[in-house]
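The structure appears below as C-alpha cells.
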Amino acid sequence: MTSLDAATDPQRAVLLGVGNILLTDEGVGVEAVTRFAATHDLPSGLSVLDGGTSAMEMLDDLEDLDLLVVVDCVRVGKPPASVVVLQDDEVPAFFRTRLSPHQVGLSDVFATMLLTGRAPRRIVIVGVQPVEVSTAMGLTAEIEAVMPQVIDAVRRALAEGGYPTQPRKVVAGAH
Amino acid sequence: MTQRITIDPVTRIEGHLRVDVEVDDGQVSKAWSSGQMYRGVENILIGRDPRDAWAITQRICGVCTTVHAICSVRAVENALDLEIPLNAQYIRNLIILAHAVHDHIVHFYHLSALDWVDVVNALKADPDKASALAESLSTWSGNSRHEFRKVKDRISGFVATGQLGIFTNGYWGHPAMKLPPEVNLIAVAHYLQALEVQRHANKIVSILGSKTPHIQNVAVGGVANPIATDSQAVLTMERLMAVREWIGKLEDFVKNVYLVDVGVIGAFYPEWTTYGRGIVDYLASPDIPLDTKGTRFALPGGYVANGDLGQYTPIGSFADAGFRDGVSEAIKHSWYTYKGGENASLHPYEGETTPHYTDFQDDGKYSWMKSPTYYDKPMQVGPLARVMTMLAAGHEPTTRYATETLNRVSSIAGIEVGLDAMHSTIGRHAARAISCAVQVDELAKQWDLLIANMASGDKSTFNAPTFPRGEQRGFGFHEAPRGILSHWVVIDNGKIKNYQCVVPTTWNAAPRDNKERPGAYEASLVGNPVADPDQPLEVLRTVHSFDPCLACAVHVLDTEHNQVVQVKAA
Chain A
1 MTSLDAATDP QRAVLLGVGN ILLTDEGVGV EAVTRFAATH DLPSGLSVLD
51 GGTSAMEMLD DLEDLDLLVV VDCVRVGKPP ASVVVLQDDE VPAFFRTRLS
101 PHQVGLSDVF ATMLLTGRAP RRIVIVGVQP VEVSTAMGLT AEIEAVMPQV
151 IDAVRRALAE GGYPTQPRKV VAGAH
Chain B
1 MTQRITIDPV TRIEGHLRVD VEVDDGQVSK AWSSGQMYRG VENILIGRDP
51 RDAWAITQRI CGVCTTVHAI CSVRAVENAL DLEIPLNAQY IRNLIILAHA
101 VHDHIVHFYH LSALDWVDVV NALKADPDKA SALAESLSTW SGNSRHEFRK
151 VKDRISGFVA TGQLGIFTNG YWGHPAMKLP PEVNLIAVAH YLQALEVQRH
201 ANKIVSILGS KTPHIQNVAV GGVANPIATD SQAVLTMERL MAVREWIGKL
251 EDFVKNVYLV DVGVIGAFYP EWTTYGRGIV DYLASPDIPL DTKGTRFALP
301 GGYVANGDLG QYTPIGSFAD AGFRDGVSEA IKHSWYTYKG GENASLHPYE
351 GETTPHYTDF QDDGKYSWMK SPTYYDKPMQ VGPLARVMTM LAAGHEPTTR
401 YATETLNRVS SIAGIEVGLD AMHSTIGRHA ARAISCAVQV DELAKQWDLL
451 IANMASGDKS TFNAPTFPRG EQRGFGFHEA PRGILSHWVV IDNGKIKNYQ
501 CVVPTTWNAA PRDNKERPGA YEASLVGNPV ADPDQPLEVL RTVHSFDPCL
551 ACAVHVLDTE HNQVVQVKAA
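Read top to bottom, the protein sequences are chains A and B. The opening position of the first sequence corresponds to residue 1 in the UniProt record's numbering, with each subsequent residue numbered one higher. The opening position of the second sequence corresponds to residue 1 in the UniProt record's numbering, with each subsequent residue numbered one higher.
Next comes the structure, spelled out in C-alpha cells:
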C-alpha cells in the first residue's frame with residue numbers, strides 16, 4: 001500500500017511563506033507570498049502556500065517538487081531588514097542548524113522527504129533579517145520598505161528555476 | 001551527589017520548552033518546566049470584532065490551527081447564546097476528529113517513536129522474522145516480507161550516505177533502547193507507512209475546511225460550507241464519498257497498526273509503566289456535540305479526582321456552570337504580574353497578561369506559562385485524562401479499546417498489566433492510541449449523521465450572529481488532541497474587551513502554582529531514571545509522552561550558531 005518510490009508527477013513548483021503573523025516581522029514570509037500571489041500572474045505548475053508555522057501538514061504539498069522557494073525570517077548576522085538569498089550549498093545549513101525554536105518545523109518535513117526520497121530537486125531560500133519580533137500584527141516600517149526587494153528576489157528565484165512570472169497589469173479604475 | 005541537567009530547548013516538540021532536573025543517584029529528585037516564549041496573543045485581540053477572533057487565534061500555533069478556530073467560535077457563540085445548525089455541528093465534528101487522528105498518528109510515529117525505537121539497530125533485523133512477528137499480531141497488509149526488506153534497504157542506503165543526522169536528537173545506541181532489531185524494523189516500516197496514511201486525515205481537513213494548514217470555513221454561527229448534492233465548489237456527494245473512503249483507510253491503520261504497535265512497544269518497556277505518574281487529577285472536556293446547543297456529546301468528559309474512576313464529575317454542556325466557575329490561573333512562578341499581587345489566582349474573564357521578566361529563578365519566577373487550577377487543584381490534561389474520564393463515564397468503545405490494549409501488553413510481556421499501569425509515561429502513549437481508535441470510529445459515525453441529516457432535506461449551515469449593546473461573557477471548550485482547551489471572551493458593544501486562552505500545554509507544562517504545587521510535567525519527572533546525564537533520553541521520554549505544544553513559537557532561522565540545542569550537565 002505504501003510507495004517508497006519517488007512519484008512521477010508533472011513538474012511543479014511551490015512558493016512557500018512561513019512564519020507567525022502575530023509576531024510582527026516574524027510573519028514576513030507569509031506576508032510576502034500573499035502579496036506576491038495577489039500581484040502576479042502565476043504560470044501553470046506553480047502554487048503559492050501560506051504555511052504559517054505548520055509542519056507535517058505541508059508534506060503533501062512539498063513532495064517531489066521541481067523547485068521550492070521559501071520566504072522566511074532569518075538570523076544571519078546581517079543588519080536588520082537585510083534581504084538574503086540562500087541556495088545550493090547553503091541550503092542544507094538552513095535545515096540542519098536551527099530553523100527555529102519550532103523544531104517540529106520545516107526541518108522535520110525536509111528530513112522526512114530526504115528519507116523517502118521525495119525532497120524538492122532545487123530549493124532557494126529568500127530570507128529577511130527581522131527588525132522586531134514582538135507580539136503584534138503587521139510588519140515594521142523598515143521591513144515594509146524592503147518588501148519590493150523581497151518580491152523582486154522571489155521573482156528572480158522563480159524565473160531562474162524555470163517559472164517566470166509577470167506583475168499583473170492593474171486596470172485603471174478597477175478599484 | 002546532586003547533578004543539575006538543563007535541556008533547552010526540548011526538541012521534537014512544538015514551541016520552546018526548557019526543562020531542568022536535579023538528579024540524585026541516577027534518579028530525578030526535582031524538576032522545573034519553563035515555557036521560554038512570551039505568548040501575548042490575547043492582547044492583540046482586544047478591541048477587535050469577535051467574529052474575527054477565530055482566524056487570528058488559529059495563528060497562535062502551527063500544529064493546533066483548527067482547534068483554536070473551533071474553540072474561539074464556540075466561546076463567542078456561548079456569549080451570544082447562539083445555537084448553530086446541525087450540519088455545521090457535524091462538519092465541525094468531522095474536522096475536529098480528522099485533525100485529532102492526524103495529530104495522534106504524527107505525534108506517535110514521527111515525533112515520539114524515536115525515543116523508543118532505534119533506527120540504526122533495525123539494520124540488524126531479519127525481515128522474514130519481523131514479518132512473521134508482525135503478521136502474528138495484525139491483519140495489516142503492509143507487514144509482508146517484501147515490504148520489510150524494502151524498508152531495510154532504504155534505511156541502510158540512508159544511513160550509508162550519512163544523512164541520519166537530520167533527525168535531531170535521535171539517541172541511537174543509547175543503553176535505554178530495549179527493542180529487538182525486528183521490532184525496530186517493524187516500527188520504522190510503520191513510520192514510513194504512517195507518512196502515507198496521515199495524508200488521508202489531512203485531506204479530510206482540507207476538503208471540509210476549504211484549506212489547510214489554516215482552515216477557512218468556520219464562522220461564528222456555523223460553517224461557511226454551502227451544501228449541495230449536485231453542484232461543484234461546494235460540499236458535494238462526490239467529495240463526501242471521497243471523505244468516507246479516506247476514513248476507511250484511517251480506520252484500518254489506527255486499529256491494525258497504531259494500536260498494535262503501542263501495545264508491542266509498551267510490552268518491551270514494562271518498567272515505563274512505573275515512571276511518569278505525576279498528577280492523577282484528570283480534566284477533559286466532552287466533545288463532538290450531537291445537537292445544535294451542545295447539551296449532548298458523543299464523547300463524554302469531566303473531572304476524575306485522584307485517579308479514582310469512582311470520583312467522576314461530568315461536564316454536561318457548552319454552558320456548564322461547574323466548568324465555567326472552576327478555572328483560574330496563578331502567576332507566582334510565572335513572568336507576569338497581577339494587580340492583585342503575587343498570590344492572586346484569576347478567573348480567565350478577569351485574566352491579565354502583563355509581562356514581567358526576571359531571570360530563571362529556581363525558587364522564584366521561571367516560566368512564561370501561567371499555573372492553571374481547577375477548583376484549586378493542578379490537573380493533568382490530554383489523552384490519558386480523556387481516556388480516564390471516558391472510562392469513568394462508562395463509554396463503551398473506550399472501555400473496549402482500553403481492555404484490548406492492556407490484554408495485548410499483558411500477553412506479549414507475559415505479565416498482568418492492569419489499569420493502574422496507565423498512570424505512567426508509556427500509559428500516556430497507550431491512551432493516545434486508544435483515544436485515536438475511539439475518534440476514528442466516531443469520524444465514521446459523524447459522516448453517517450451528516451449524510452442522514454442532508455438526506456432529510458436540511459441544507460442549513462449558518463445562523464447569523466447579532467451583537468447586542470452592553471457586555472456579554474462567553475467561554476468555549478474543546479477537547480483538542482493535547483487536552484482540554486478553553487477560550488474566554490468578554491465582549492463590550494460588539495468589540496472584544498478581554499480574551500484569554502487556557503491551552504492544554506499550559507495545564508501540563510505549568511510551573512509551581514501559588515501554593516508551591518508542581519505542574520504535571522514537573523510532578524511526572526520526579527523518580528525518573530537518568531542513566532547518562534549527557535544523554536537524558538529518559539527525561540525526554542516522559543516530557544514527550546505529554547506531546548508538548550508550546551504554541552506561539554517564534555520561527556526565526558539562526559545560522560549564527562551551529563549548535564543551539566543544548567544539553568548542559570553541570
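For every residue, glycine included, the Cβ atom is placed at its ideal position computed from N, Cα and C. Quick caveat: nothing in here was measured; it's all calculated off a predicted structure.
Worksheet item: Between the stretch 50-70 of chain A and chain B, which residues of the former have a C-beta closer than 8 Å to a C-beta of the latter?
Response: Asp-50, Gly-51, Gly-52, Thr-53, Ser-54, Ala-55, Met-56, Glu-57, Met-58, Leu-59 and Asp-60
Worksheet item: Taking 8 Å as the CB-CB cut-off, is Thr-24 of chain A touching chain B?
Response: In the first sequence, residue 24 of chain A corresponds to position 24, counting from 1. No, its Cβ sits nowhere closer than 8 Å to a Cβ of chain B.
Worksheet item: With which residues is Glu-329 of chain B paired in a DSSP beta bridge?
Response: Working through the second sequence from its first residue, we reach residue 329 of chain B at position 329. Looking at the DSSP assignment, Glu-329 of chain B forms a beta bridge with B:Leu-346 and B:Pro-372.
Worksheet entry | Backbone CA spacing between Asp-88 of chain A and Arg-122 of chain A [nearest angstrom] | Within the first sequence, residue 88 of chain A is the residue found at index 88, counting from 1. Within the first sequence, residue 122 of chain A is the residue found at index 122, counting from 1. Cα to Cα, Asp-88 of chain A sits roughly 8 Å from Arg-122 of chain A.
Worksheet item: Quick one, which residues of the stretch 414-447 of chain B are near chain A if we go by CB-CB under 9 Å, in chain order?
Response: Of all residues in the stretch 414-447 of chain B, none has a Cβ within less than 9 Å of some Cβ in chain A.
Item to complete: List the residues that DSSP assigns as beta-bridge partners of Lys-377 of chain B.
Response: Position 377 of the second sequence, counting from 1, holds the residue named residue 377 of chain B. DSSP, once it has assigned bridges, lists B:Tyr-374 as partnering Lys-377 of chain B.
Worksheet item: Does Trp-272 of chain B come within less than 8 Å of chain A when only Cβ atoms are used?
Response: Counted from its first residue, the second sequence places residue 272 of chain B at position 272. Not closer than 8 Å to any Cβ of chain A, the Cβ of Trp-272 of chain B fails to qualify, so no.
Discussion item. To the nearest angstrom, how far is the alpha carbon of Leu-557 of chain B from that of Gly-51 of chain A?
Written reply: The sequence position of residue 557 of chain B within the second sequence is 557, counting from 1. The sequence position of residue 51 of chain A within the first sequence is 51, counting from 1. Bear in mind that the predicted position of Leu-557 of chain B carries a pLDDT of just 36, short of 50, making it too unreliable to give a figure here.
Discussion item. Give me, in chain order, the residues of the same chain whose beta-carbon lies closer than 6 Å to that of Gln-166 of chain A; leave out the 5 immediate sequence neighbours on both sides.
Written reply: The sequence position of residue 166 of chain A within the first sequence is 166, counting from 1. Hits under 6 Å: Asp-41.
Practice prompt. Examine chain E for any beta-carbon lying closer than 8 Å to the beta-carbon of Pro-180 of chain B, and answer yes or no.
Written response: Annotation note: the requested chain E is absent from the structure, which comprises protein chains A and B.
Worksheet item: If we call anything under 8 Å between Cβ atoms a contact, is Ile-105 of chain B one with Leu-283 of chain B?
Response: Position 105 of the second sequence, counted from the start, is the residue given in the question as residue 105 of chain B. Position 283 of the second sequence, counted from the start, is the residue given in the question as residue 283 of chain B. Not in contact: Ile-105 of chain B and Leu-283 of chain B (Cβ atoms no closer than 8 Å).
Worksheet item: Using Cβ-Cβ distances below 8 Å, what residues of the stretch 189-201 of chain B are close to chain A?
Response: Leu-192, Gln-193, Leu-195, Glu-196, Gln-198 and Arg-199
Discussion item. Considering only DSSP beta bridges, list what Ser-334 of chain B is partnered with.
Written reply: Indexing the second sequence from 1 puts residue 334 of chain B at position 334. DSSP lists B:Ser-367 as partners of Ser-334 of chain B.
Worksheet item: Closest Cβ-Cβ distance between Thr-135 of chain A and chain B: below 8 Å?
Response: Your numbering for residue 135 of chain A matches position 135 in the first sequence. Interface residue, yes.
Item to complete: Compare the C-beta of Ile-151 of chain A against all C-beta atoms of chain B and say whether one is closer than 8 Å.
Response: Here residue 151 of chain A corresponds to residue number 151 of the first sequence, with the count starting at 1. Chain B, which has no Cβ nearer than 8 Å to the Cβ of Ile-151 of chain A, makes this no.
Worksheet item: Who are the near neighbours of Thr-358 of chain B in its chain, counting only those whose CB is closer than 7 Å to its CB and skipping five residues on each side?
Response: Working through the second sequence from its first residue, we reach residue 358 of chain B at position 358. Cβ contact annotation for Thr-358 of chain B (same chain, cutoff 7 Å, sequence separation greater than five): Trp-335, Gly-364 and Lys-365, in chain order.
Practice prompt. Let me know the secondary structure DSSP gives Ser-131 of chain B once reduced to three states.
Written response: Along the second sequence, read from residue 1 onward, the residue named residue 131 of chain B stands at position 131. Helix.
Worksheet item: Of all Cβ atoms in chain A, is any one closer than 8 Å to the Cβ of Thr-212 of chain B?
Response: Mapped onto the second sequence, residue 212 of chain B falls at position 212. By this cut-off, Thr-212 of chain B is an interface position.
Item to complete: Identify whether His-561 of chain B lies in helix, strand or coil by the three-state DSSP scheme.
Response: Here residue 561 of chain B refers to the residue found at position 561 of the second sequence. At His-561 of chain B, the pLDDT of 36 sits below 50, so the modelled position is not reliable; the number obtained from the coordinates is stated separately. Residue state, collapsed to three classes: coil.
Worksheet entry | Same chain, Cβ closer than 8 Å to Leu-158 of chain A, neighbours up to 5 away in sequence not counted | Along the first sequence, read from residue 1 onward, the residue named residue 158 of chain A stands at position 158. Same-chain partners within the cutoff: Ala-13, Leu-15, Leu-46, Leu-67, Val-69, Pro-164 and Thr-165.
Discussion item. Within 10 Å of its beta-carbon, does Met-237 of chain B have 16 or more other beta-carbons around it, so buried, or fewer, so exposed?
Written reply: Counted from its first residue, the second sequence places residue 237 of chain B at position 237. Exposed, since its Cβ has fewer than 16 Cβ neighbours within 10 Å.
Worksheet item: So which residues on chain A does His-356 of chain B lean against when the C-beta distance must stay under 8 Å?
Response: What you label residue 356 of chain B is simply residue 356 of the second sequence in a count that begins at 1. For His-356 of chain B, there are no neighbours in chain A by C-beta distance under 8 Å, as the nearest C-beta there is about 15 Å away.
Worksheet item: For Glu-22 of chain B, which option in B:Phe-546, B:Glu-522 and B:Arg-541 has the closest C-alpha, if you only look at C-alpha atoms?
Response: Along the second sequence, one-based indexing puts residue 22 of chain B at 22. Closest by alpha carbon: B:Glu-522.
Worksheet item: For Lys-339 of chain B, does the three-state DSSP call read helix, strand or coil?
Response: For this step, residue 339 of chain B is matched to residue 339 along the second sequence. Residue state, collapsed to three classes: coil.
Practice prompt. Take Pro-468 of chain B and list the residues in its own chain whose beta-carbon comes closer than 7 Å to its own, dropping the five residues that flank it on each side.
Written response: Residue numbering aside, residue 468 of chain B sits at position 468 when the second sequence is read from its first letter. Nothing listed; no residue qualifies.
Worksheet item: What's the call for Asn-225 of chain B, buried or exposed, on a 16-neighbour Cβ count within 10 Å?
Response: Here residue 225 of chain B corresponds to residue number 225 of the second sequence, with the count starting at 1. Buried, by the Cβ-count rule.
Practice prompt. On a CA-only basis, which of A:Val-84, A:Leu-22, A:Gly-17 and A:Leu-49 is nearest Thr-135 of chain A? Give me that one, please.
Written response: Counting from 1 along the first sequence, the entry for residue 135 of chain A is found at position 135. Of the residues A:Val-84, A:Leu-22, A:Gly-17 and A:Leu-49, the one whose Cα lies closest to the Cα of Thr-135 of chain A is A:Leu-22.
Discussion item. Need the endpoints of the alpha helix (DSSP H) that Phe-546 of chain B sits in, please.
Written reply: Mapped onto the second sequence, residue 546 of chain B falls at position 546. DSSP places Phe-546 of chain B outside any alpha helix (DSSP H), giving it a letter other than H or E.
Discussion item. Using 8 Å as the cut-off, can you tell me whether the stretch 145-155 of chain A makes contact with the stretch 506-526 of chain B, which would need three or more C-beta pairs spanning the two stretches below that distance?
Written reply: The stretch 145-155 of chain A makes no contact with the stretch 506-526 of chain B; the number of CB pairs closer than 8 Å stays below 3.
Worksheet entry | Beta-carbon proximity list for Val-85 of chain A, same chain, < 6 Å, skipping 5 on both sides | Translated into positions along the first sequence, residue 85 of chain A becomes position 85. So the qualifying residues of the chain are Val-126 and Ala-153.
Worksheet item: According to DSSP, what are the bridge partners of Leu-45 of chain B?
Response: One-based indexing of the second sequence puts residue 45 of chain B at position 45. When beta bridges are read from the DSSP output, Leu-45 of chain B appears opposite no residue.
Worksheet item: The alpha helix (DSSP H) with Ile-265 of chain B in it runs from where to where?
Response: As a working mapping, residue 265 of chain B is identified with position 265 in the second sequence. Unbroken alpha helix (DSSP H) run through Ile-265 of chain B: 259-268.
Practice prompt. Report, in whole angstroms, the separation of the C-beta atoms of Val-28 of chain B and Leu-525 of chain B, which I expect to be a contact under 8 Å.
Written response: The count along the second sequence starts at 1 and reaches residue 28 of chain B at position 28. The count along the second sequence starts at 1 and reaches residue 525 of chain B at position 525. Right, the Cβ-Cβ distance comes to about 5 Å (below 8 Å), so this counts as a contact.
Fill in: Buried/exposed call for Gln-439 of chain B, threshold 16 Cβ in 10 Å
On the second sequence, residue 439 of chain B is found 439 positions in, with the first residue counted as 1. Label assigned to Gln-439 of chain B: buried.
Item to complete: Examine chain B for any beta-carbon lying closer than 8 Å to the beta-carbon of Ile-21 of chain A, and answer yes or no.
Response: Sequence index remark: in the first sequence, residue 21 of chain A carries index 21 (1-based). Judged by the 8 Å Cβ criterion, Ile-21 of chain A is in contact with chain B.
Worksheet item: Is the Cβ of His-110 of chain B closer than 8 Å to any Cβ of chain A?
Response: Along the second sequence, read from residue 1 onward, the residue named residue 110 of chain B stands at position 110. Yes, His-110 of chain B counts as interfacial toward chain A.
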